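Reviewing the structure listed below.
Number of protein chains: 2
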Amino acid sequence: MRISIKDVAKAAGVAQSTVSKVINNTGSISKETIDRVNYHIQELGYEPSGIASALRNNKTKAIGLLIPDLANPFFSDLARLLEDEANHLGYRLSISSTDYIKEKELSYLKMFLKNNVDGIIIASGMEEIDDIKKVVAGKPIVGITREFPSQNISSISVNNYYGGYKAANYLIDHHHKNLAIIAKPVWGNKERVRGCQQAVIDAGLPEMNSRNTLFVETTSTFKEQHWHIKQLLQETPSPTAIIACNNLFAAKTIQLAKQERLSVPKDISIIGFDDTVLAQLMDPPLTTIRQPLQTMAKETIKLLDQKIHSKTSELQLRLELELIERDSVAPIY
Amino acid sequence: MRISIKDVAKAAGVAQSTVSKVINNTGSISKETIDRVNYHIQELGYEPSGIASALRNNKTKAIGLLIPDLANPFFSDLARLLEDEANHLGYRLSISSTDYIKEKELSYLKMFLKNNVDGIIIASGMEEIDDIKKVVAGKPIVGITREFPSQNISSISVNNYYGGYKAANYLIDHHHKNLAIIAKPVWGNKERVRGCQQAVIDAGLPEMNSRNTLFVETTSTFKEQHWHIKQLLQETPSPTAIIACNNLFAAKTIQLAKQERLSVPKDISIIGFDDTVLAQLMDPPLTTIRQPLQTMAKETIKLLDQKIHSKTSELQLRLELELIERDSVAPIY
DNA sequence: CTGAAAGCGCTAACAA
DNA sequence: TTGTTAGCGCTTTCAG
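Chains C and F, in that order, give the protein sequences.
Sequential numbering from 1095 applies to the first sequence in our numbering.
Sequential numbering from 1095 applies to the second sequence in our numbering.
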């Protein structure tokens, strides 16, 4: 049997409540008793049960994190950053991958509630559910890398529209006139695409259409993705620059372009979004729009912690994106 | 206040114990009461508290996972696989990144105990601690991608020695005579290096020495790693083939080789270990020794689950590695 | 087949 | 300053 507060109390010859008080630094206890109790805590190797105090206090020091896929480098980076920030404030992270499947999202959310997490972070799907607030029954919740436009839920995100605009503009500045964009139809990307399209219009270029703005389903296999990207590469007139809304697509686009005997960036320029390990290791290294993930993680945990402790009002924080110039974009002459 | 079993009991006009029985399918209850209770459970939207039953049953359905770094693609792949397998059996995963720092390992381990995880999976450091068993106080524990040679702790791992042997041999079969190997000095890699060295000896080539077997500290920065790899590339006579003990090193080696105007694989061949997203996306795609991670994850969870339910004896499972031929190795003439 | 009651390990209110 | 007690939400005897 696990060694409990009772055992410590008995050994030290005091009441359980006294032990509890020295553990938690509450009430007032004489220095001697404190020392004696601590001695016996050491002696017995006692560790307070998180479960029991969770039951008592209704606080678990656990945070639930819903992400699409832990095996995706972007999300594992994010998860790692959140893990560290959470730890600074004494929280553990319970991570669940949803694969953008609504049933998984709901069932994991229920699991979080069942296990009484103190708060929930959502970085995943939930596009059409307009009653998350009901589902999570008042639990503190914040979105990261995404917003909940119709619901007054806190979020730490990024100006995706302007990110798309910036990416397109950078290409246009390099004299590209025939752009294409490729994205999964998930939160944020639609904004990126809109921003890109606007930049094209603002530059007086012909509006983008369904042939050069490519949405690839979240459920698509690698093969299907390859097929779509190849199609795009083979359009006539073929695009001279492609905006890829994530690093995986960027990497694949580079790879497939090479297979088509297109030199990157000489024959075709590629600009990405996000900045995972992949970006620097590609050949050529990827010029990309980076999200300030570290700051976002920090703010997310900070905000969630605040909401856990006191009911602060909901808040949207939207950070700016940064363009990292590497070698996958070249000017056209 | 959270809605509890009491509320359901009251609403259904039965005792708490009755509700408990219908939830858990224990005892024998008449069909009518079952239906009535279930009705009210629905009606009230009742979810049993995991915390309370954890306290009562001493079972949390949580597993603690200790890995070096969630942001490393190899480990996030592993974590994702484990997450899925754990979920199949109804467990959650609590993931902690240790960065190979012993203090973190110990403190996370304690946290796991405090929160009463049902079992622990270790994929991280703990090289010199020979009393893990004492630390985890009898909790079920299994190592994945690593073993505990001196301690009779269960592990699901891989034949690293033969993996190293195989990698070197493959190169030797391609007529390479001047090999180098680069690795972090962590569990498993030492075996890989030994295997590689043995293959070299068995082929009658001159023994490998400290100039062509390069251990790069786990704490090294990217810059330091680059420096070491460059050194290796510039050795004279320069190696014609390099074995990289992880995907990141392989990617960097390819990248730096190119910077030195070495064509891969024409001028220098590279073979890696593990098979993350990176491997397929490199240019050229990486020939590599793959661990059967999926199987390993499945076996790990299965074993841990068995140990949780009944005290089965400790067991070492060691799987074979597979060589994936891609395009980063070419023969020498 | 159903219910009453004890107790998992802890904390907080109240008494001493 | 310290101790007694009740109770968080659940499960499990044991009686009826």
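Here a beta-carbon is modelled for each residue, glycine too, at the ideal position from N, C-alpha and C.
Being a predicted model, the structure only gives us computed values, none of them experimental.
Is residue 1199(C) helix, strand or coil when you go by DSSP? By 1-based counting over the first sequence, the position of residue 1199(C) is 105. Note: residue 1199(C) maps to helix in three-state DSSP.
So residue 1335(C) and residue 1273(C) are supposed to be a Cβ contact under 8 Å. How far apart are they, rounded? Here the question's residue 1335(C) lines up with position 241 in the first sequence. Here the question's residue 1273(C) lines up with position 179 in the first sequence. Rounded, the Cβ-Cβ distance is 5 Å, consistent with contact.
Thinking residue 1176(C) and residue 1159(C) are a contact (beta carbons under 8 Å), I'd like their distance in whole angstroms, please. For the purposes of this step, residue 1176(C) is taken as the residue at position 82 of the first sequence. For the purposes of this step, residue 1159(C) is taken as the residue at position 65 of the first sequence. Going by Cβ atoms, the distance from residue 1176(C) to residue 1159(C) rounds to 6 Å, so yes, they are a contact pair.
Residue of 1228(F), 1117(F), 1188(F) and 1297(F) minimising C-alpha distance to residue 1259(F): For the purposes of this step, residue 1259(F) is taken as residue 165 along the second sequence, with counting starting at 1. Measuring from the Cα of residue 1259(F), the nearest candidate turns out to be 1297(F).
Interface residues of chain F facing residue 1146(C) [CB-CB closer than 8 Å]: Translated into positions along the first sequence, residue 1146(C) becomes position 52. In chain order: 1149.
Could you please tell me which residues of the segment 1193–1227 of chain F, in chain order, have their CB closer than 8 Å to any CB of chain C? 1204, 1205, 1207, 1208, 1209 and 1210
In terms of residues, what are the limits of the alpha helix (DSSP H) holding residue 1192(C)? On the first sequence, residue 1192(C) is found 98 positions in, with the first residue counted as 1. Note, residue 1192(C): premise wrong, no alpha helix (DSSP H); not H, not E.
With C-beta atoms as the reference, is residue 1204(F) less than 9 Å away from residue 1141(C)? The residue you call residue 1204(F) lines up with position 110 of the second sequence. The residue you call residue 1141(C) lines up with position 47 of the first sequence. Less than 9 Å separates the beta-carbon of residue 1204(F) from that of residue 1141(C).
To the nearest angstrom, how far is the alpha carbon of residue 1218(F) from that of residue 1328(C)? As a first step, residue 1218(F) is located in the second sequence; it is residue number 124 there, counting from the start. As a first step, residue 1328(C) is located in the first sequence; it is residue number 234 there, counting from the start. Residue 1218(F) and residue 1328(C) have their alpha carbons spaced roughly 46 Å apart.
Chain C contact residues for residue 1141(F), given Cβ-Cβ distances below 7 Å: Within the second sequence, numbered from 1, the residue matching residue 1141(F) stands at position 47. 1204, 1207 and 1208, listed in chain order.
Residue 1417(C) bridges to which residues according to DSSP? Here residue 1417(C) is taken as the residue at index 323 of the first sequence, counted from 1. Looking at the DSSP assignment, residue 1417(C) forms a beta bridge with 1383(C).
What does residue 1352(C) touch in chain F if you count any residue whose Cβ is under 9 Å from its own? The residue given as residue 1352(C) occupies position 258 in the first sequence. Those within 9 Å of residue 1352(C) in chain F are 1377.
By the three-class DSSP mapping on this structure, what secondary structure does residue 1242(C) have? One-based indexing of the first sequence puts residue 1242(C) at position 148. The answer is coil: DSSP assigns residue 1242(C) none of H, G, I, E or B.
Secondary structure of residue 1237(C), DSSP reduced to three states: Reading the first sequence from its first residue, position 143 is the one you call residue 1237(C). Looking at residue 1237(C) - three-state DSSP - the assignment turns out to be strand.
Using the C-alpha atoms, what's the distance from residue 1343(F) back to residue 1098(C)? Residue numbering aside, residue 1098(C) sits at position 4 when the first sequence is read from its first letter. Residue numbering aside, residue 1343(F) sits at position 249 when the second sequence is read from its first letter. Approximately 48 Å between the Cα atoms of the pair.
Kindly indicate which residue of 1243(C), 1319(C), 1270(C) and 1300(C) has the alpha-carbon position closest to the one of residue 1276(C). Within the first sequence, residue 1276(C) is the residue found at index 182, counting from 1. Closest option to residue 1276(C), Cα to Cα, is 1319(C).
Can you name the residues that DSSP bridges to residue 1353(F)? Residue 1353(F) sits at position 259 when you count from the first residue of the second sequence. In DSSP, residue 1353(F) forms no bridge with anything.
Quick check for students: name the residue ranges of the beta strand (DSSP E) that lie wholly in the segment 1282–1356 of chain F, counting only runs of 3 or more. 1307–1309 and 1335–1338
Over what stretch of residues does the beta strand (DSSP E) that includes residue 1252(C) continue unbroken? To locate residue 1252(C), count along the first sequence from 1; it is residue 158. It spans 1248–1252 - the beta strand (DSSP E) in which residue 1252(C) sits, taken as one unbroken run.
Just list the residues that DSSP pairs residue 1411(C) with in beta bridges. Position 317 of the first sequence holds residue 1411(C). Bridge partners of residue 1411(C): 1250(C).
Does residue 1146(C) come out as helix, strand or coil in the three-state DSSP assignment? Here residue 1146(C) refers to the residue found at position 52 when the first sequence is read from its first residue. Helix.
Using 9 Å as the limit for Cβ to Cβ distance, is residue 1165(C) near chain F? Taking the first sequence and counting its residues from 1, one reaches residue 1165(C) at position 71. Output row for residue 1165(C): interface = yes.
Indicate whether residue 1250(C) and residue 1229(C) have their beta-carbon atoms separated by less than 9 Å. If you number the first sequence from 1, residue 1250(C) lands on position 156. If you number the first sequence from 1, residue 1229(C) lands on position 135. Cβ distance not < 9 Å, so residue 1250(C) and residue 1229(C) don't count as in contact.
With three or more C-beta pairs closer than 8 Å as the rule, is the segment 1110–1130 of chain C touching the segment 1163–1172 of chain F? No, they do not touch.
By the 10 Å Cβ neighbour count, where 16 or more other Cβ atoms means buried, how is residue 1435(F) classified, buried or exposed? Nothing can be reported for residue 1435(F), as the shown portion of chain F is limited to 1095 through 1427.
Could you spell out where the beta strand (DSSP E) holding residue 1363(C) opens and where it closes? Within the first sequence, residue 1363(C) is the residue found at index 269, counting from 1. That run of the beta strand (DSSP E) goes 1363–1367.
For residue 1428(C) and residue 1233(C), which I take to be in contact (beta-carbon distance under 8 Å), what is that distance rounded to the nearest angstrom? Chain C is shown only over 1095 to 1427; residue 1428(C) falls outside these bounds and no answer can be derived.
Determine, for residue 1278(F), whether the minimum Cβ-Cβ distance to residues of chain C falls below 9 Å. The residue you call residue 1278(F) lines up with position 184 of the second sequence. For residue 1278(F), the answer is no, since every Cβ of chain C falls outside 9 Å of its Cβ.
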